[in-house]
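Numbering (the numbering used here), first residue to last: 17 to 357.
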C-alpha cells in the first residue's frame, strides 16, 4: 500500500499527499495541480516534452492536464507529491481562467519561498501521519502553502491551463472508447459517429473540456501503454509501435521523442534488468526503514531556522532589490516624520 493521504475538510480544503519510491516512466495527465518534492536520489522529470534532471530537494509544479512522467536515475529515489484540486482554488476566489504556475527549482535554483514550501509540506505530511487531525492547523498550513503558490508562482499572462470536468455523456463515451481501443484505428470521424456529434463540434468540445485535442489524447493513451511494453527486453520496438496503434516506427519514434525528449531505444537503454517489472512500478510503497528515514528527514526540515527573505537568496537579484526597498522605506519614513513636525 502506498503511503498516501487524502484530506477533505468543510472549509474547502482538499488535497492528496503521497510519499513513494519512484520507478520507471508512467506517463499521465490529470486536472489536479501537482507539486513534486524530490527528497532523495536523482530523477529525470519530463513535463510536456521538456526534460529536467531533479536532484535532492528539487521542486517542480505541474499544471493542469500537462503530460508528465518521472524516471529514477539512481536507486531508492523517494519523492513526495501533492495534488491540489483547481476547483477548490476557484471556490476560494482564485481566478484560474487564464495563466499557469511556474515553479521549477531545476530551471530557477533560488527562490525565497522554496524552503518554506518544503517546511509546509513536511508539516502537512507529519501532522496527518501522526493522526493529528486538527483542522485549524492543517487548514492553516494548506492556505499558507497555496497562498505562496498563487501569489509568487502563478503567471496570469501565460496560456489557458485549467479545464474542469464538465464532460457530457457523449464525450465520456468517446474517452472510454479511446482508452479501450487505443491500439486500433481510431479516427475523429469514427469518434464523432459514436458521440452523435459533427467532427467539428466534437473537436471543439474535446479541446474545451480536456485542454488537449482529440489526436493528442489518442497519442498519449498509446504512449502510456507503449512505455510499459518497452520494459520487456524481448519486445522489438517495431512490434511495440504496431501493437499500440502506431502505423509505422517512424511516427512512433517522433511522438516518443516529442513527449519524452528521447527515442524509445534510448529510454530502454536506461532500464536495468531489475527495473523491468512484471507490473507497472511507477510508484512503489516505501519500506518500513524508508518510512522511518522519511519522517526523520521531514522532522529535520521542521527544526530548521525559517529563512528570512534576505538570507534566502544571498547572491541573487532579489537580495539587491530587497536592500533597495529597505533603504527606500527608511527614506519615506524619514520624510513622513519631517512632514509631521
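The C-beta atom is built at its ideal place from N, Cα and C for all residues, glycine as well.
Residue i, enclosing alpha helix (DSSP H) - first and last residue
i: residue 431; result: This structure cannot speak to residue 431, because the chain is shown only from 17 to 357.
i: residue 95; result: Looking at the DSSP string, residue 95 is not in any alpha helix (DSSP H); the run it does join, the beta strand (DSSP E), is 94-100.
i: residue 129; result: Note, residue 129: premise wrong, no alpha helix (DSSP H); not H, not E.
i: residue 232; result: 230-246
Three-state class that DSSP yields for residue i in the structure shown
i: residue 8; result: The structure shown has nothing for residue 8, since the chain only spans 17 to 357.
i: residue 311; result: helix
i: residue 4; result: Residue 4 is absent from the structure shown; the chain starts at 17 and stops at 357.
i: residue 116; result: strand
i: residue 122; result: coil
i: residue 153; result: helix
i: residue 85; result: strand
i: residue 63; result: strand
i: residue 329; result: Since pLDDT at residue 329 reaches only 48, below the 50 mark, its modelled position is unreliable, and no value is offered.
i: residue 139; result: helix
i: residue 44; result: strand
i: residue 69; result: strand
i: residue 270; result: helix
i: residue 300; result: strand
Within 8 angstroms, strictly: CB atoms of residue i and residue j
i: residue 133; j: residue 55; result: no
i: residue 95; j: residue 38; result: yes
i: residue 104; j: residue 58; result: no
i: residue 69; j: residue 115; result: no
i: residue 13; j: residue 215; result: Outside the modelled stretch of the chain, which goes from 17 to 357, sits residue 13, for which no answer is possible.
i: residue 119; j: residue 161; result: no
Run of the beta strand (DSSP E) containing residue i, from where it starts to where it stops
i: residue 212; result: Neither: residue 212 is in no beta strand (DSSP E) and is coded neither H nor E.
i: residue 33; result: 30-38
i: residue 50; result: 49-56
i: residue 78; result: 75-78
Exposed unless 16 or more other CB atoms sit within 10 angstroms - verdict on residue i
i: residue 33; result: buried
i: residue 238; result: buried
i: residue 140; result: buried
i: residue 169; result: buried
i: residue 252; result: exposed
i: residue 163; result: exposed
i: residue 97; result: buried
i: residue 213; result: buried
i: residue 82; result: buried
i: residue 88; result: buried
Touching by the beta-carbon criterion (3+ pairs, under 8 angstroms), the stretch 255-272 and the stretch 301-316: The stretch 255-272 vs the stretch 301-316: no contact.
At least three beta-carbon pairs within less than 8 angstroms, the stretch 61-71 to the stretch 107-119: Contact between the stretch 61-71 and the stretch 107-119 is absent, because fewer than three Cβ pairs lie under 8 angstroms.
Contact between the stretch 230-247 and the stretch 203-222 (3+ Cβ pairs under 8 angstroms): Yes: the two stretches touch, three or more of their Cβ pairs being nearer than 8 angstroms.
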